[in-house]
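Trainee: Per the working numbering: the sequence shown = residues 941 to 1189. Glycine included, every Cβ here is placed at the ideal spot set by N, Cα and C. The structure presented is a predicted model; accordingly, all values stated were derived computationally and were not measured. Can you keep this structure in mind? I'll have questions shortly.
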Amino acid sequence: MTPPRFDALAPHYAWIEAASFGGLLQWCRTALVEDLADARRVLILGEGDGRFVRAFLAHNPAARVHVVDVSPTMVALARRRAGSGCGCGSGCGSGPGRERVTWQVADARAVEYPRAEYDLIVTNFFLDCFGPDDLARLIPRVAVALQPGGRWLVGDFRVPPGRLAGAASRVLLAAMYGFFRLTTRLPASRLVDPRPLLLARGLTPLRAESRLGGFLTSELWSSPPAPSTPIHREERSALHDEGPEHPWR
Ligand SMILES: C[S@@+](CC[C@H](N)C(=O)[O-])C[C@H]1O[C@@H](n2cnc3c(N)ncnc32)[C@H](O)[C@@H]1O
């Protein structure tokens, strides 16, 4: 399980992105951020250089966030971004976001996720870092960390429907995977659609926004609500023994 190395790329990540996609990837990360204002316990996997977490903290005044990213340099950049806004103008990292975020430099595949801890999980351009086997192992492990009724934000590339759009996106994705495999030793060599794995864990799509004909999508998924507590047999017979007829009998 060799982790990719995003450290050398990290300081250049934002300008390379701007040169290739303009503001479209930041649009994708934050397209549904206004829907997340009520989240309180948040897990962000593969945050990168902090542009999502900064926007999220600005929209959500109360959430506590845990970030996991394997790259120490990405985490250092994200920490600065999340903590900026203190007003001193130096990017000193002491802004209001600082106390609300905890940071973990780790391979997300090796993390032990606490059960039913988070009401929001965020994976922006992160699930695309994994091949089919890794993804099939990772998604169920991460899904246990979601509370019943919790949400999972997935911002990522998709192969759009239609022959021409599909073919064009495959060419672009092949070039991107070539670049990332060269610069970061990314283990994945092609885009794997995570949606069947999310559906298999009982998650359902709530909302989606897309651009470039569906090449960029931001999707919000919901985990199933907690099952209602079953009434035990003794409690049920007690209900029968006393009181008037109830409509649920
Ligand atoms: C393609 S970048 C995406 C960064 C950011 N989320 C974005 O929207 O641009 C992937 C990020 O995930 C991190 N990453 C990749 N593989 C990882 C792994 N196995 N465990 C934890 N983080 C990982 C990288 O360090 C990098 O910050």
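Quick one: what does DSSP say L1126 is sitting in, helix, strand or coil?
Mentor: Along the sequence shown, read from residue 1 onward, the residue named residue 1126 stands at position 186. Reduced to three states, the DSSP call for L1126 is coil.
Trainee: May I have all residues whose beta carbon comes closer than 6 Å to any heavy atom of ligand 1, sorted in chain order?
Mentor: Going down the chain, each residue whose beta-carbon is closer than 6 Å to a heavy atom of ligand 1 shows up: P943, P944, F946, R969, G986, E987, G988, F992, V1008, D1009, V1010, S1011, M1014, D1047, A1048, R1049, N1064, F1065, F1066 and C1069.
Trainee: Cutting at 8 Å between CB atoms, please list the residues of its own chain near R1077, excluding the five before and the five after it.
Mentor: Indexing the sequence shown from 1 puts residue 1077 at position 137. Excluding residues within five positions, the ones whose Cβ falls inside 8 Å are R1049.
Trainee: Mind checking who Q966 pairs with in its DSSP beta bridge?
Mentor: The count along the sequence shown starts at 1 and reaches residue 966 at position 26. Paired residue(s): none; Q966 is not in a bridge.
Trainee: Which runs of the alpha helix (DSSP H) at least 4 residues long sit entirely within the stretch 1061–1093? Give them in chain order.
Mentor: Unbroken alpha helix (DSSP H) stretches of 4 residues or longer found wholly inside the stretch 1061–1093: 1072–1083, given in chain order.
Trainee: Below 6 Å CB to CB, which residues in the same chain sit around V1099 once its five sequence neighbours on both sides are set aside?
Mentor: Residue numbering aside, residue 1099 sits at position 159 when the sequence shown is read from its first letter. Taken in chain order, the residues that qualify are G1106 and S1109.
Trainee: Hey, would you say S1158 sits closer than 7 Å to L985, going by beta carbons?
Mentor: Position 218 of the sequence shown holds residue 1158. Position 45 of the sequence shown holds residue 985. No, the pair does not count as a contact, with Cβ atoms beyond the cut-off.
Trainee: If you count every other CB in all the chains shown that lies within 10 Å of the CB of R1125, and 16 or more means buried, which is it?
Mentor: Translated into the one-based positions of the sequence shown, residue 1125 becomes position 185. Classification for R1125: exposed.
Trainee: Distance check for M1116 and G1023, CA to CA, integer angstroms please.
Mentor: Taking the first residue of the sequence shown as 1, we reach residue 1023 at position 83. Taking the first residue of the sequence shown as 1, we reach residue 1116 at position 176. Taking the straight line from one Cα to the other gives about 31 Å.
Trainee: Can you list, in chain order, the residues of its chain whose CB lies under 7 Å from that of P1072, leaving out five sequence neighbours each side?
Mentor: Within the sequence shown, the letter at position 132 stands for residue 1072. If we look at P1072 and ignore the five residues flanking it on each side, its Cβ neighbours are V1132.
Trainee: Where does C1028 sit, in a helix, a strand or coil, going by DSSP?
Mentor: The residue you call residue 1028 lines up with position 88 of the sequence shown. Its pLDDT being 45, under 50, C1028 is placed unreliably by the model, and the measurement read from it follows with that caveat. In this structure, C1028 counts as coil in the three-state DSSP scheme.
Trainee: Starting from H999, trace the alpha helix (DSSP H) in both directions and tell me its first and last residue.
Mentor: The sequence position of residue 999 within the sequence shown is 59, counting from 1. Looking at the DSSP string, the run of the alpha helix (DSSP H) that includes H999 is R991 to H999.
Trainee: If you compare alpha carbons, which of T1144, A1003, D1047 and G1102 is closest to C1069?
Mentor: For the purposes of this step, residue 1069 is taken as the residue at position 129 of the sequence shown. It is D1047 whose Cα lies nearest to the Cα of C1069.
Trainee: Work out the CA separation of A1085 and V1062 for me, nearest whole Å.
Mentor: Taking the first residue of the sequence shown as 1, we reach residue 1062 at position 122. Taking the first residue of the sequence shown as 1, we reach residue 1085 at position 145. Each residue's alpha carbon lies about 12 Å from the other.
Trainee: Got a sec, what are the start and stop residues for the beta strand (DSSP E) V982 sits in?
Mentor: The sequence position of residue 982 within the sequence shown is 42, counting from 1. Segment R981 to L985, the beta strand (DSSP E) holding V982.
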